[in-house]
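Keeping their order, the protein sequence lines are chains A and B.
Residue numbers 1 to 357, in our numbering, belong to the letters of the first sequence in order.
Residue numbers 1 to 83, in our numbering, belong to the letters of the second sequence in order.
Glycine included, C-beta positions come from ideal geometry on N, C-alpha and C.
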Amino acid sequence: MYIRATGNISPQKTFGHPPMEEAPVAYAGNRLACFEPDYKEFIDPKLIRRMSRIIRMGVAAAMECLKEADVKVPDAIVTGTAYGCMEDTSSFLSKMVEFNEELLTPTAFIQSTHNTIGAQIGLMLQCNNYNNAYVHRGFSFESALLDGMLLLKEKEATTVLVGAVDEIINNSHAILSRMGLYKQGPVSNLEIYKTIPIAIGTKGTIAGEGAAFFMLASEASATDYAKLDGLHTFYKPAGVKEIERQISSFLEKQAININDIDLVITGKNGDAASDKIYDQLGQTVFNNSSMVNYKHLCGEFPTASSFAFWLAANIAKSGKTPALLGQSNSANKTIKRVLVYNHYMNMHHSLFLLSAC
Amino acid sequence: MSDLKSQIVAQLNLQDIKPEDIGDDQPLFVEGLGLDSIDALELIVLLQQQYKIKLSNADEGPKVFRTVRTMAEYITAHQAQNS
Chain A
1 MYIRATGNIS PQKTFGHPPM EEAPVAYAGN RLACFEPDYK EFIDPKLIRR MSRIIRMGVA
61 AAMECLKEAD VKVPDAIVTG TAYGCMEDTS SFLSKMVEFN EELLTPTAFI QSTHNTIGAQ
121 IGLMLQCNNY NNAYVHRGFS FESALLDGML LLKEKEATTV LVGAVDEIIN NSHAILSRMG
181 LYKQGPVSNL EIYKTIPIAI GTKGTIAGEG AAFFMLASEA SATDYAKLDG LHTFYKPAGV
241 KEIERQISSF LEKQAININD IDLVITGKNG DAASDKIYDQ LGQTVFNNSS MVNYKHLCGE
301 FPTASSFAFW LAANIAKSGK TPALLGQSNS ANKTIKRVLV YNHYMNMHHS LFLLSAC
Chain B
1 MSDLKSQIVA QLNLQDIKPE DIGDDQPLFV EGLGLDSIDA LELIVLLQQQ YKIKLSNADE
61 GPKVFRTVRT MAEYITAHQA QNS
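See the structure below:
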């Protein structure tokens with residue numbers, strides 16, 4: 001199956017398929033925010049007024065993807081989100097408290113459900129086909145992608161719009177900060193992999209968000225980004241040895257070995273405990289592999305792997321790492337096969353394998 | 001009525017519409033401002049939140065929410081009853 005088109009709204013300038021030759025955008029602080037387009041170009045102003053930021057982001061990314069794919073109505077729409085529409089949920093819950101569980105505004109309630117974005121895309125396209133939303137924490141995007149792959153494999157569909165959306169809002173940022181997820185003190189996204197000064201500490205990462213959509217197709221076309229060879233997930237591995245076994249087993253199933261991989265994209269996020277896993281793999285299974293990271297571009301969030309998937313698709317298409325990555329690729333050869341290995345809080349581990357068409 | 005128009009614009013998040021753009025007798029639904037059934041629910045909440053008026057009879061809705069003037073008259077009538 002093939003990745004025919006993409007649409008990505010992220011904390012980098014990724015929307016509208018600009019050349020990825022600009023340096024990454026630097027942020028001061030532990031929170032990255034998406035660059036948002038002028039939504040009026042993509043969404044009827046009458047609909048925009050009811051949409052919160054994450055819905056606009058998701059819908060616009062999906063519309064961009066559909067436009068690039070030149071698909072009017074896909075055979076299926078599958079979305080993944082861990083947090084759902086948090087701004088609407090927060091608004092709805094705050095009003096419940098403020099008005100003593102009475103006088104609740106219907107719009108925030110209606111739009112607070114996790115399937116809002118997939119449903120909104122379906123409504124806008126008047127698409128009555130399969131429409132599903134996965135809320136599986138750090139596996140939300142992976143579950144959506146797996147569903148899309150199965151639909152194609154079982155010939156239930158020939159084109160599937162798969163996407164992931166998650167936002168960070170003031171309330172969630174404050175709560176997750178209190179739980180110790182994010183770095184405290186001055187920090188820049190471009191510095192998170194470097195040795196961290198004691199004042200900032202090695203614990204925590206940077207908060208991120210994004211909306212990324214992909215058109216998966218069963219048949220190849222002349223403009224595909226990449227071929228999607230495989231996906232694998234595993235939950236709470238016992239240790240690095242088990243992760244190594246999972247990676248080796250995944251590659252074996254694809255009838256390749258690690259030397260066939262031209263580039264490994266890892267989910268390092270600046271948190272010492274989390275990054276230790278990637279560092280250990282860098283000394284064992286990825287010892288001879290060219291490795292790059294991506295979370296300095298989009299921040300950490302449960303569906304951040306969708307950004308890595310987008311990055312891998314673009315790298316497979318161009319054959320090289322873009323300047324946007326801000327990291328050089330030690331291998332000088334053309335990149336034909338990309339492996340993404342990501343974990344979210346050492347619980348949700350995932351592998352994607354993409355290759356050039 | 002200008003306060004009510006401002007409240008409607010804020011409650012419904014009517015972008016690119018200023019309160020003064022809404023005519024006193026302009027229909028709020030369909031051919032006028034183009035509001036829909038979800039907006040009707042929002043207007044019911046507005047009446048309760050801002051004016052403590054509970055629209056108990058759903059059949060009154062189309063008449064009450066026809067224009068800003070009919071809404072204002074309904075509010076005034078209820079406030080007079082309650083005072």
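Margin query: Between Gly-34 (chain B) and chain A, is the shortest Cβ-Cβ distance under 8 Å, so that the two count as touching?
Written below: yes
Next item on the list: Measure the alpha-carbon distance for Met-360 (chain A) versus Lys-241 (chain A) and round it to whole angstroms.
Entry: Given that chain A is displayed from residue 1 to residue 357, the structure contains no residue 360 (chain A) and the question cannot be resolved.
Notebook entry, point to check: Does any CB atom of chain B fall closer than 8 Å to the CB of Thr-116 (chain A)?
Noted result: no
Next item on the list: Output, in chain order, the set of chain E residues within a Cβ distance shorter than 7 Å of Arg-337 (chain A).
Entry: Judged by its chain identifiers, the structure shown contains no chain E, and its protein chains are A and B.
Note to self: Taking CB distances under 8 Å as the criterion, tell me whether Asp-21 (chain B) reaches chain A.
What the structure shows: no
Checklist line | Proximal residues of chain B, C-beta to C-beta of Leu-123 (chain A) below 8 Å | finding: Result: empty, since nearest Cβ-Cβ is about 13 Å, beyond 8 Å.
Next item on the list: Could you please give me the residues that DSSP links to Thr-284 (chain A) through a beta bridge?
Entry: Note: Thr-284 (chain A) sits in no beta bridge, so no partner.
Next item on the list: Let me know if Met-291 (chain A) comes out buried or exposed under the rule of 16 or more other beta-carbons within 10 Å of its beta-carbon.
Entry: buried
Next item on the list: Please decide whether Leu-103 (chain A) counts as near chain B, where near means a Cβ-Cβ distance under 8 Å.
Entry: yes
Next item on the list: Might you give, ordered along the chain, the residues of its own chain that have their beta carbon closer than 8 Å to the beta carbon of Phe-42 (chain A), omitting 5 neighbours on each side?
Entry: Val-59, Ala-60, Met-63, Glu-64
Checklist line | Closer than 8 Å to chain B by CB, Lys-46 (chain A) | finding: yes
Check: Using a Cβ-Cβ distance under 8 Å, would Asp-24 (chain B) count as near chain A?
Finding: no
Check: Skipping 5 residues on each side, what residues in its chain have a beta carbon closer than 8 Å to that of Gly-61 (chain B)?
Finding: These residues qualify, in order along the chain: Ala-40, Ile-44, Leu-55.
Item checked: Which of helix, strand or coil DSSP assigns to Arg-245 (chain A) -> helix
Item checked: Whether Asn-358 (chain A) touches Val-78 (chain A) by CB criterion (8 Å) -> The structure shown does not extend to residue 358 (chain A), since chain A spans only 1 to 357, so no value can be given for it.
Check: Taking Cβ positions only, does Ile-369 (chain A) come closer than 8 Å to chain B?
Finding: With chain A running from 1 to 357 in the structure shown, residue 369 (chain A) is simply not present.
Item checked: Straight-line Cα distance separating Val-68 (chain B) from Gly-32 (chain B) -> 11 Å
Notebook entry, point to check: Excluding the five sequence neighbours on either side, which residues of its own chain have a C-beta within less than 6 Å of the C-beta of Gly-118 (chain A), listed in chain order?
Noted result: Ile-77, Thr-79, Asn-131, Ala-133
Check: Going by other Cβ atoms of all chains shown within 10 Å of its Cβ, with 16 needed for buried, is Pro-11 (chain A) buried or exposed?
Finding: buried
Checklist line | Residue(s) in a DSSP beta bridge with Ile-9 (chain A) | finding: A:Ala-211
Check: Hey, out of A:Met-215, A:Asn-128, A:Leu-125, A:Ala-174, whose CA is closest to Ala-164 (chain A)'s CA?
Finding: A:Met-215
Next item on the list: Count the CB pairs spanning the segment 242-257 of chain A and the segment 90-104 of chain A that are closer than 8 Å, and state whether there are at least three.
Entry: no
Check: Whole alpha helix (DSSP H) runs in the segment 36-71 of chain B with 4 or more residues, listed along the chain?
Finding: 37-51, 61-64
Checklist line | Neighbour list for Pro-106 (chain A) in chain B, Cβ cutoff strictly below 8 Å | finding: Ile-38, Leu-41, Glu-42, Val-45
Notebook entry, point to check: With distances taken from CA atoms, which of B:His-78, B:Glu-73, B:Glu-42 is nearest Gln-11 (chain B)?
Noted result: B:Glu-42
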